[in-house]
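Residue numbers (this note's numbering): 101 to 339.
Heads up, the beta-carbon is just placed ideally off N, CA and C, and yes, glycines get one too.
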């Protein structure tokens, strides 16, 4: 029986590329997104046809603990959990509403707790499992006008390190990747001038591709079991 992986934020960008990577690795998949039904089902058909795996899809707002509980009850065995779903808010902290703050924190950080809390027990019982959290360099250093996003990703980094220590005796590895700027829809809000300014600060002289993010996650997935509790930075040499 093939192992199964659950990927959040899987309809596009990094999530979709990770789905492709795990399909190549022979995993059956449970692809989760909030509302992009057509995109995620198109991806399902593509991956099943290309790799001969079984793919299930689910619409779930991972910022809502009740929806996550319903999702996990139907999920079955999960051997790999990729916490990728995230949103951003760009603007001054003083212009941000309490509701917007909670939406960013719940989507980016609380969702990681909701999913891990429910999926970890089966991994511990099997004495096997891998959790990879998608983070950001802004979680390492912070970004002006992205305070909530930075705080949420900083929380993901600390969550990763702490949970890894908790689960290491059960042979469950927990790691994260702090990505620099990656060419995804989340960054579509950047103007041409802003993008050029950011690129000029990156030693690699370009932004990253989503497929490169997927390949980085493949390497962590296949790393030795002694590799746990790490927040790997991939940013073209920026930090």
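Residue i - partner residues in DSSP beta bridges
i: residue 259; result: In DSSP, residue 259 forms no bridge with anything.
i: residue 334; result: 279
i: residue 273; result: 230
i: residue 128; result: 104
i: residue 133; result: 159
Rounded distance between the beta-carbons of residue j and residue i, thought under 8 Å
i: residue 333; j: residue 240; result: 7 Å
i: residue 331; j: residue 267; result: That pair is no contact at about 16 Å.
i: residue 113; j: residue 316; result: Not quite, the Cβ-Cβ distance comes to about 14 Å (not below 8 Å), so this is no contact.
i: residue 171; j: residue 137; result: Contact flag wrong, Cβ pair sits at about 15 Å.
i: residue 198; j: residue 187; result: In fact, because the Cβ distance is near 16 Å, the residues do not count as touching under 8 Å.
Residue range of the beta strand (DSSP E) that includes residue i
i: residue 229; result: 229-236
i: residue 159; result: 155-159
Beta-carbon proximity list for residue i, same chain, < 7 Å, skipping 5 on both sides
i: residue 312; result: none
i: residue 245; result: 190, 191, 192
i: residue 229; result: 179, 223, 272
Unbroken alpha helix (DSSP H) run spanning residue i, endpoints
i: residue 180; result: Note, residue 180: premise wrong, no alpha helix (DSSP H); beta strand (DSSP E) at 180-183.
i: residue 318; result: 310-321
i: residue 148; result: 137-151
i: residue 204; result: 198-205
i: residue 186; result: That residue, residue 186, is in no alpha helix (DSSP H); it is neither H nor E in DSSP.
Proximal residues to residue i (C-beta, below 6 Å), its chain only, five neighbours per side dropped
i: residue 118; result: 107, 182, 314, 317
i: residue 178; result: 104, 106, 219
i: residue 167; result: 160, 161
i: residue 111; result: 133, 136, 139, 140
i: residue 115; result: 107, 109, 184
Nonlocal neighbours in the same chain, by C-beta distance under 8 Å from residue i, ignoring five residues either side
i: residue 235; result: 253, 256, 257, 260, 276, 277, 278, 279, 331
Any chain C beta carbon closer than 7 Å to residue i
i: residue 279; result: Included in the structure is just one protein chain, with no chain C present.
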